[in-house]
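Q: The structure is given below, and queries will be raised subsequently.
Residue numbers (this note's numbering): 1 to 281.
Structure below.
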């Protein structure tokens with residue numbers, strides 16, 4: 001089964017529209033945090049319908065191999081063609097979001113849970129967990145929190161929601177958030193920046209409200225900044241994040257391209273006081 005997963009050129013996964021991320025679930029026996037992958041769309045749809053009956057909103061997302069054209073030198077007659085395997089790309093992000101297992105269902109066979117380390121290149125997951133610009137626990141607890149918080153009210157487990165909120169808040173206080181800054185003109189490539197000279201981008205919601213975007217990790221920042229080459233990431237300890245603010249903003253927006261969790265500025269000192277700062281531990 002591991003070999004089959006490594007060779008997949010197309011597959012289907014369960015995606016959560018509540019978080020704009022893969023749907024993640026804690027496996028009952030091993031307590032692994034896992035996502036779901038299917039060889040056939042029909043079996044993925046069966047799983048989607050079963051979750052719908054339990055009040056869990058998920059969609060089926062197709063992963064395939066796509067052809068991309070890369071520009072070559074002007075003297076070359078044809079563009080270079082490369083192929084992007086979206087299944088492998090999907091697997092490679094899982095360590096970034098704290099997922100350590102994959103429940104895979106081959107065509108017409110029983111699903112089985114496999115640890116991510118078995119299907120990724122050796123040591124790949126450790127490169128992520130050892131990189132301070134990635135915070136898998138913060139991503140994972142944020143995803144669990146918003147999957148539960150955005151369910152229909154009649155399905156929400158209030159006690160479980162409170163526990164998830166506390167776990168996420170605890171990880172938040174211990175962690176660091178990435179702030180996007182725009183360097184002064186002419187200083188875009190300088191390693192050391194005077195943050196007082198930098199500008200801060202903001203999000204404009206369709207309601208007319210403005211939000212200050214912040215990110216749990218470099219991957220979330222890159223999703224936001226992919227069309228803006230002028231942005232630079234700066235990592236800030238959470239207790240100090242309130243020093244960065246945009247006048248007129250309604251709240252911070254954590255991971256606007258991901259689980260999109262709004263956080264009011266006045267909540268930051270309350271969270272720090274309740275869950276303790278890293279310096280106090």
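All C-beta atoms, glycine included, are put in the ideal place defined by N, C-alpha and C.
1. Using the Cβ count rule (16 or more neighbours within 10 Å means buried), how would you classify residue 194?
2. State the CB to CB distance for the pair residue 115 and residue 100, rounded to an integer number of angstroms; the pair is presumed to be in contact (CB under 8 Å).
3. In three-state terms, what does DSSP make of residue 312?
4. Going by CA-CA distance only, name the one from 48, 29, 242 and 256 that's closest to residue 266.
5. Taking one C-beta from the region 181 to 188 and one from the region 219 to 227 each time, how about it: are there three or more such pairs within less than 8 Å?
6. Could you check whether residue 69 and residue 86 sit closer than 8 Å to each other, using their CB atoms as the reference points?
7. Note down, in chain order, each residue of its chain lying with its Cβ closer than 6 Å to the Cβ of residue 246, except the 5 sequence neighbours on either side.
8. According to DSSP, is residue 149 helix, strand or coil?
9. Would residue 214 be called buried (16 or more neighbouring beta carbons within 10 Å of its own) or exposed?
10. Could you give the uninterrupted runs of the beta strand (DSSP E) lying entirely in the region 164 to 203, keeping only those of 3 residues or more?
11. Please name the residue, chosen from 178, 127, 254 and 13, that lies closest to residue 111 on a Cα-to-Cα basis.
12. Spatial neighbours of residue 165 within its chain, please: C-beta separation below 7 Å, excluding the five flanking residues on both sides.
13. Nearest to residue 181 by CA position, among 104, 23, 11 and 229, is which residue?
14. What separation, rounded to the nearest whole angstrom, lies between the Cα atoms of residue 140 and residue 159?
A: Based on what the coordinates show:
1. exposed
2. 6 Å
3. This structure gives no information on residue 312, because the portion of the chain shown stretches from 1 to 281.
4. 242
5. no
6. no
7. 200, 202 and 212
8. helix
9. buried
10. 176 to 181
11. 13
12. 145
13. 229
14. 19 Å
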